[in-house]
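To keep things clear, I will list the structure first and then write my remarks on it.
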Amino acid sequence: MYRRRKDGHICPEFIAGVRRFINFAFLIDENVSGGKIRCPCVRCKNQKFLIEEDVYKYLLSIGFFYCIN
């Protein structure tokens, strides 16, 4: 799945997927603290708890952190 189209805009499918991901993350107790969720972006690496809109912005702008254990 590519995040950007040739014209530079973010793919609508990616935007919708990010929203679905965030909604799902709120269902998992270990990911939620004080109304905030762990941010899985490249910068935060699941270490910081942020409000929903900040997580959304980070994922759209810098993308998901990818780690293989």
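Number 134 marks the last residue of the sequence shown (my numbering); no jumps.
A virtual CB, placed ideally from N, CA and C, is assigned to each residue, including glycine.
- Message: On a Cα-Cα basis, can you pick out the residue from Ser98, Gly99, Gly100, Phe129 that is closest to Cys215?
- Response: Beyond the ends of the chain as shown, which are 66 and 134, falls residue 215; an answer cannot be given.
- Message: So if DSSP puts Arg103 in a beta bridge, which residue, or which two residues, is it bridged to?
- Response: Taking the first residue of the sequence shown as 1, we reach residue 103 at position 38. Partner(s): Phe114.
- Among Leu125, Cys132, Phe114, which one has its Cα closest to the Cα of His74? Within the sequence shown, the letter at position 9 stands for residue 74. Among Leu125, Cys132, Phe114, the Cα nearest to that of His74 belongs to Leu125.
- Using the rule of at least 16 other Cβ atoms within 10 Å of the residue's Cβ for burial, across every protein chain shown, is Ile102 buried or exposed? Sequence index remark: in the sequence shown, residue 102 carries index 37 (1-based). So Ile102 counts as buried.
- Hey, Cys104 and Leu92: beta-carbon distance below 8 Å or not? Your numbering for residue 104 matches position 39 in the sequence shown. Your numbering for residue 92 matches position 27 in the sequence shown. In this structure, Leu92 does not lie closer than 8 Å to Cys104 by Cβ.
- Message: Let me check understanding here. Comparing Cα to Cα, which of Asn111, Ala81, Pro77 lies closest to Glu95?
- Response: One-based indexing of the sequence shown puts residue 95 at position 30. Nearest of Asn111, Ala81, Pro77 to Glu95, Cα basis: Asn111.
- Task: Identify whether Ile80 lies in helix, strand or coil by the three-state DSSP scheme.
- Result: On the sequence shown, position 15 is the one that residue 80 refers to. It is helical.
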